[in-house]
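Numbering (mature numbering (1 follows the signal peptide of the UniProt record, and there is no 0)) for the sequence shown: -26 to -1, 1 to 341. Here the structure comes first, spelled out in structure tokens, and everything after it is commentary.
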Amino acid sequence: MSQNKRMKWKMLLVAMTAIMAFSVLAACGKKENVVATYDGGEVTASQFDLEERILLVLQPGYESYIKTDEFHDFLIKQMIGYTYLEKNADDATKKAAKEKADKQFEAMKQSAGGDEAFKKALDTQKVTEEEFKTYFLRAYTALQTQLNKVTDDEVKTQFEAEKDKYTTASVRHILLGLKDAEGKDLRTSEESLKLAKELEARLAKGEDFAKLANEFSSDPGSNKNGGLYENADVSGWVPEFKEAALTQPIGKVGEPVETQFGYHIILVENRTEKKLDDLSQDEKDVLKTEIASKKLDEFISGEVTNKIIKKIDLPKVDTKKDEKEGNKATNDTKDQNSSNSKDTKGNTDANKTNSDKTNSEKTNSGK
């Protein structure tokens, strides 16, 4: 090969090497899109996208709400708040949070239907188990930082504000319902009150409450048991029924109480009101967690929003794009349904009959 040709090839190789090196440097120097900056860090678009997908794993039915500008603003602030607290947490806090996060993670997998079902939920949103666990740990660490600040006085105040949650009562009642077990009209509200007054008068004359409940009450949950709900959590009842259970004199039949189900005649047989010292450790932990959650919300809406965050630059949600995707999904569903309809032609009447037979009964109770 001549000297000139060797020089030409050498110059070409040098030029190609320079171009490749420049391309690599350009790629390395390219910064990912930052959607928020805060004291001590930043959030990239891909990090925020992952956070949103993790939320969709936790709440798959809330996609239309999660994909809104309003929720995005809330989510970015929460994300920054959690991250900031995790970075500044001490080792003891991180250790306590990890124990709780690991325990709750396993419980969540089971409630989702086991490992396979949970993995399917993760795969749907293209989230790895490790990414999900990292989020979980960050959230629990943030909460733990606030749990550390909860005082005994705050626990006492919280308990007094929701003592009803820890009150149980044994209550008999007769429901003069507006509808029967199949949801068909049974009587009007006026007719329900009239009958309630009649039964109240019979009880005043000494008739047995349990017998009248068995005969007249339309509450399937108690009418075969003399109308009795024994040692039940008062907090689980509708407001009007709950109020009667909390305030009626023990052992005396009260005035008819109206709820959405009709009129009730109520007899409170006993009532147990717990004191703070009577609570189990788990119940006390729930109180502390409620307080810590409020503190965390206040931290995010206050210090994070007003001091820690420097800038938020989230793109607006493309509602038109979402609508197009939604319409496409709807059309795909219609096409699939049309195909399924052809495949199952002739079974419609049979399916309708089976459906009618398996309709669940509605229950009209004070619970």
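Note that the Cβ used here is the ideal one computed from N, Cα and C, for glycine as well.
- Task: May I have the straight-line CA-CA distance separating Lys158 from Thr98, to the nearest angstrom?
- Result: Counting from 1 along the sequence shown, the entry for residue 158 is found at position 184. Counting from 1 along the sequence shown, the entry for residue 98 is found at position 124. C-alpha separation (whole angstroms): 42 Å.
- Message: Based on DSSP bridge pairs, tell me the residues matched to His46.
- Response: In the sequence shown, the residue the question calls residue 46 occupies position 72. DSSP, once it has assigned bridges, lists no residue as partnering His46.
- Query: DSSP state of Ser144, grouped into three classes?
  - Reply: On the sequence shown, residue 144 is found 170 positions in, with the first residue counted as 1. Here Ser144 carries a strand assignment [DSSP, helix/strand/coil].
- Thinking C-alpha only, which one of Asn280, Thr131, Val242 is nearest Lys262? By 1-based counting over the sequence shown, the position of residue 262 is 288. Relative to the Cα of Lys262, the nearest Cα in the group Asn280, Thr131, Val242 belongs to Thr131.
- Would you check if the stretch 132 to 143 and the stretch 86 to 102 touch, i.e. whether three or more CB-CB distances between them fall below 8 Å? no
- Item | Enclosing beta strand (DSSP E) for Ala155 [first to last residue] | Here the question's residue 155 lines up with position 181 in the sequence shown. From DSSP, Ala155 is part of no beta strand (DSSP E); its letter is neither H nor E.
- Query: Alpha carbon to alpha carbon, what distance is there between Lys290 and Gly300?
  - Reply: Within the sequence shown, residue 300 is the residue found at index 326, counting from 1. Within the sequence shown, residue 290 is the residue found at index 316, counting from 1. Here the model assigns Gly300 a pLDDT of 47, short of 50, so the residue's position is not dependable, and the following value carries that caveat. When rounded, the distance between both Cα atoms is 18 Å.
- Per DSSP, Glu247 forms a beta bridge with which residues? Here residue 247 refers to the residue found at position 273 when the sequence shown is read from its first residue. The partner list for Glu247 (beta bridge, DSSP) reads Thr141.
- Message: Cutting at 6 Å between CB atoms, please list the residues of its own chain near Phe110, excluding the five before and the five after it.
- Response: The count along the sequence shown starts at 1 and reaches residue 110 at position 136. Same-chain partners within the cutoff: Ala75, Phe79.
- Should Leu(-15) go down as buried or exposed, given a rule of 16 or more other Cβ atoms within 10 Å for buried? One-based indexing of the sequence shown puts residue -15 at position 12. Its pLDDT being 39, under 50, Leu(-15) is placed unreliably in this model, and the value from its coordinates should be taken loosely. Label assigned to Leu(-15): exposed.
- Item | Through-space distance from Gln120 to Thr221, alpha-carbon basis | To locate residue 221, count along the sequence shown from 1; it is residue 247. To locate residue 120, count along the sequence shown from 1; it is residue 146. Between Thr221 and Gln120, the C-alpha separation is close to 36 Å.
- Message: Contact between the stretch 8 to 22 and the stretch 49 to 68 is defined here as three or more beta-carbon pairs at a separation below 8 Å; is this criterion met?
- Response: yes
- Message: Using C-beta distances below 6 Å, list every residue in its chain close to Glu232, excluding the 5 sequence neighbours before and after it, in chain order.
- Response: Position 258 of the sequence shown, counted from the start, is the residue given in the question as residue 232. Closer than 6 Å at Cβ, skipping near neighbours: no residue.
- Task: Kindly provide the ranges of any alpha helix (DSSP H) runs that are 4 or more residues long and lie completely inside the stretch 162 to 229, ordered along the chain.
- Result: Taking only runs of at least 4 residues, the alpha helix (DSSP H) segments lying wholly in the stretch 162 to 229 are 163 to 178, 183 to 190, 213 to 221.
- Task: Could you check what DSSP says for Ala10 in three-state terms: helix, strand or coil?
- Result: Residue mapping note: residue 10 aligns to position 36 of the sequence shown, counting from 1. Correct three-state label for Ala10: strand.
- Measure from the alpha carbon of Leu260 to the alpha carbon of each residue in Val129, Leu30, Ala71, Asp43, then state which is nearest. Translated into positions along the sequence shown, residue 260 becomes position 286. Correcting the residue identity first, residue 260 is Val in this sequence and not Leu. Of all alpha-carbon atoms in Val129, Leu30, Ala71, Asp43, the one lying nearest the alpha-carbon of Val260 is that of Val129.
- Could you have a look at Gly55 and say whether DSSP puts it in helix, strand or coil? Counting from one through the sequence shown, the residue named residue 55 turns up at place 81. Three-state result, Gly55: helix.
- Query: Out of curiosity, what's the CA-to-CA distance linking Gly3 and Ala10?
  - Reply: What you label residue 3 is simply residue 29 of the sequence shown in a count that begins at 1. What you label residue 10 is simply residue 36 of the sequence shown in a count that begins at 1. Summary for Gly3: the model assigns pLDDT 49, below 50, so the residue's position carries little reliability, and this model does not support an answer.
- Assess, as a yes-or-no matter, whether the stretch 250 to 259 is touched by the stretch 269 to 286 under the definition of 3 or more beta carbon pairs within less than 8 Å. no
- Roughly how many angstroms lie between the CA atoms of Val8 and Phe106, to the nearest whole one? Within the sequence shown, residue 8 is the residue found at index 34, counting from 1. Within the sequence shown, residue 106 is the residue found at index 132, counting from 1. Going from the Cα of Val8 to the Cα of Phe106 covers about 22 Å.
- Query: Does the Cβ-Cβ distance between Asp182 and Leu149 come in under 7 Å?
  - Reply: Walking along the sequence shown from the start, residue 182 turns up at place 208. Walking along the sequence shown from the start, residue 149 turns up at place 175. No, the pair does not count as a contact, with Cβ atoms beyond the cut-off.
- Message: Using C-beta distances below 6 Å, list every residue in its chain close to Asp13, excluding the 5 sequence neighbours before and after it, in chain order.
- Response: The residue labelled residue 13 in the question sits at position 39 within the sequence shown. For Asp13, where only same-chain residues beyond five positions count, the Cβ hits under 6 Å are Ile282.
- Residues bridged to Glu232 by DSSP? Reading the sequence shown from its first residue, position 258 is the one you call residue 232. For Glu232, which the question treats as bridged, DSSP gives the partners Tyr237.
- Message: Can you tell me where the beta strand (DSSP E) holding Thr18 begins and where it ends?
- Response: Indexing the sequence shown from 1 puts residue 18 at position 44. Here the beta strand (DSSP E) through Thr18 covers 15 to 18.
- Query: Can you name the start and end residues of the alpha helix (DSSP H) that Ile40 belongs to?
  - Reply: To locate residue 40, count along the sequence shown from 1; it is residue 66. Unbroken alpha helix (DSSP H) run through Ile40: 37 to 40.
- CB-CB under 8 Å to Leu152, same chain, minus the five flanking residues each way: which ones, in chain order? Within the sequence shown, numbered from 1, the residue matching residue 152 stands at position 178. Cβ neighbours of Leu152 beyond the five flanking positions: Asp159, Leu160, Arg161, Thr162, Ser163, Ser166, Phe235, Gly236, Asn338.
- What's the call for Tyr58, buried or exposed, on a 16-neighbour Cβ count within 10 Å? For the purposes of this step, residue 58 is taken as the residue at position 84 of the sequence shown. Around the CB of Tyr58, 16 or more other CB atoms lie within 10 Å, so the residue is classed as buried.
- Task: Please report how far the alpha carbon of Glu134 lies from the alpha carbon of Asp127, in whole angstroms.
- Result: In the sequence shown, residue 134 corresponds to position 160, counting from 1. In the sequence shown, residue 127 corresponds to position 153, counting from 1. Going from the Cα of Glu134 to the Cα of Asp127 covers about 11 Å.
- Task: State buried or exposed for Cys201, treating a residue as buried only when at least 16 other CB atoms are found within 10 Å of its CB.
- Result: Here residue 201 refers to the residue found at position 227 when the sequence shown is read from its first residue. What sits at residue 201 in the sequence shown is Gly, not Cys. By the neighbour-count rule (16 or more Cβ atoms within 10 Å), Gly201 is buried.
- Item | Asn197 to Trp211 span [Cα, whole Å] | Position 223 of the sequence shown, counted from the start, is the residue given in the question as residue 197. Position 237 of the sequence shown, counted from the start, is the residue given in the question as residue 211. One C-alpha to the other measures close to 17 Å.
- Kindly give me the distance between the Cβ atoms of Ile239 and Pro230, rounded to whole angstroms, as I take these residues to be in contact under 8 Å. As a working mapping, residue 239 is identified with position 265 in the sequence shown. As a working mapping, residue 230 is identified with position 256 in the sequence shown. Right, their Cβ atoms sit about 6 Å apart.
- Starting from the C-beta of Tyr39, find all residues in its chain whose C-beta is less than 7 Å away, skip the five residues before and the five after it, and write them out in chain order. As a position in the sequence shown, residue 39 is number 65, starting the count at 1. Within the same chain, Tyr39 has close Cβ partners Phe45.
- Mapping DSSP to helix, strand and coil, what is Leu96? As a first step, residue 96 must be located in the sequence shown, where it is residue number 122. Reduced to three states, the DSSP call for Leu96 is helix.
- Item | Rounded separation between Val227 and Glu156 - CA only | As a working note, residue 227 is residue 253 in the sequence shown. As a working note, residue 156 is residue 182 in the sequence shown. Taking the straight line joining both Cα atoms gives about 29 Å.
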